[in-house]
Amino acid sequence: MPDQSARPNAGSDIKVFLCNARGMYLAQDANGLFFSNDRSVAIVLNYKSDRVEEQLDALRATHGIVLRADPVPVGEIYETCDRCKELFMPWMTYFDGQHFLCNDCRKLTAKKAKADAR
Ligand SMILES: [Zn+2]
Numbered sequence: 248m249p250d251q252s253a254r255p256n257a258g259s260d261i262k263v264f265l266c267n268a269r270g271m272y273l274a275q276d277a278n279g280l281f282f283s284n285d286r287s288v289a290i291v292l293n294y295k296s297d298r299v300e301e302q303l304d305a306l307r308a309t310h311g312i313v314l315r316a317d318p319v320p321v322g323e324i325y326e327t328c329d330r331c332k333e334l335f336m337p338w339m340t341y342f343d344g345q346h347f348l349c350n351d352c353r354k355l356t357a358k359k360a361k362a363d364a365r
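For the sequence shown, the working numbering gives the first residue as 248, with consecutive numbering after it.
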């Protein structure tokens with residue numbers, strides 16, 4: 248039996264967007280799923296752990312909807328928090344108009360802003 252762990256990328260997952268036939272990205276907001284040309288709002292899935300291939304096959308079979316998985320460029324996978332310099336998934340960071348902040352730093356700065364206002 249070949250040793251799977253010997254391969255450098257064995258076990259690593261691929262981040263993907265889902266695109267429809269028109270090249271629009273599957274996105275989600277409070278109202279549910281929709282397609283958008285804006286990739287920054289697109290849902291990012293883990294190709295293997297989210298069973299993307301199976302889900303796409305199921306969509307095609309049950310709804311006749313054909314979507315394709317589009318790999319996320321590596322440089323776009325992570326955002327750096329401007330405060331603590333840690334890497335986070337884009338949906339875990341918050342842009343306050345000037346800085347990208349992770350949830351923790353966002354809370355900290357929000358507290359500080361409140362304290363300063365007193
Ligand atoms: Zn941070």
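All C-beta atoms in this analysis are idealised placements derived from N, C-alpha and C, irrespective of residue type, glycine included.
Practice task
Pick helix, strand or coil for Pro249, following the three-state DSSP scheme.
Solution key: Along the sequence shown, read from residue 1 onward, the residue named residue 249 stands at position 2. Unreliable placement is indicated for Pro249, whose pLDDT of 49 sits below 50; no coordinate value is reported for it.
Exercise for the section: With a 10 Å radius around its C-beta and 16 neighbouring C-beta atoms as the bar for buried, classify Cys331 as buried or exposed. Expected result: The sequence position of residue 331 within the sequence shown is 84, counting from 1. When all chains shown are included, Cys331 counts as exposed.
Exercise for the section: Tell me whether Asn350 sits in a helix, a strand or coil according to DSSP, three-state version. Expected result: For the purposes of this step, residue 350 is identified with residue 103 of the sequence shown, where counting begins at 1. In the structure shown, Asn350 sits in a helix (DSSP, three-state: H, G or I).
Problem - Beta-carbon gap between Lys295 and Asp260 smaller than 8 Å - result: Residue numbering aside, residue 295 sits at position 48 when the sequence shown is read from its first letter. Residue numbering aside, residue 260 sits at position 13 when the sequence shown is read from its first letter. The answer is yes: Cβ separation under 8 Å.
Exercise for the section: Work out the CA separation of Ala289 and Ala308 for me, nearest whole Å. Expected result: By one-based count along the sequence shown, residue 308 stands at place 61. By one-based count along the sequence shown, residue 289 stands at place 42. Taking the straight line joining both Cα atoms gives about 23 Å.
Exercise for the section: Measure from the C-beta of Gly344 to each C-beta in chain D and report whether the shortest distance is under 8 Å. Expected result: Structure shown: chain D not included; a single protein chain is present.
Problem - Reference Phe282, options Asp363, Asp297, His346, Leu265, closest by Cα - result: What you label residue 282 is simply residue 35 of the sequence shown in a count that begins at 1. The shortest Cα separation from Phe282 among Asp363, Asp297, His346, Leu265 belongs to Leu265.
Problem - Residues that DSSP places opposite Asp276 in a beta bridge - result: Counted from its first residue, the sequence shown places residue 276 at position 29. DSSP lists Gly279 as partners of Asp276.
Practice task
Buried or exposed for Phe342, please, with buried defined as at least 16 other CB atoms from any protein chain shown within 10 angstroms of its CB.
Solution key: As a first step, residue 342 is located in the sequence shown; it is residue number 95 there, counting from the start. So Phe342 counts as exposed.
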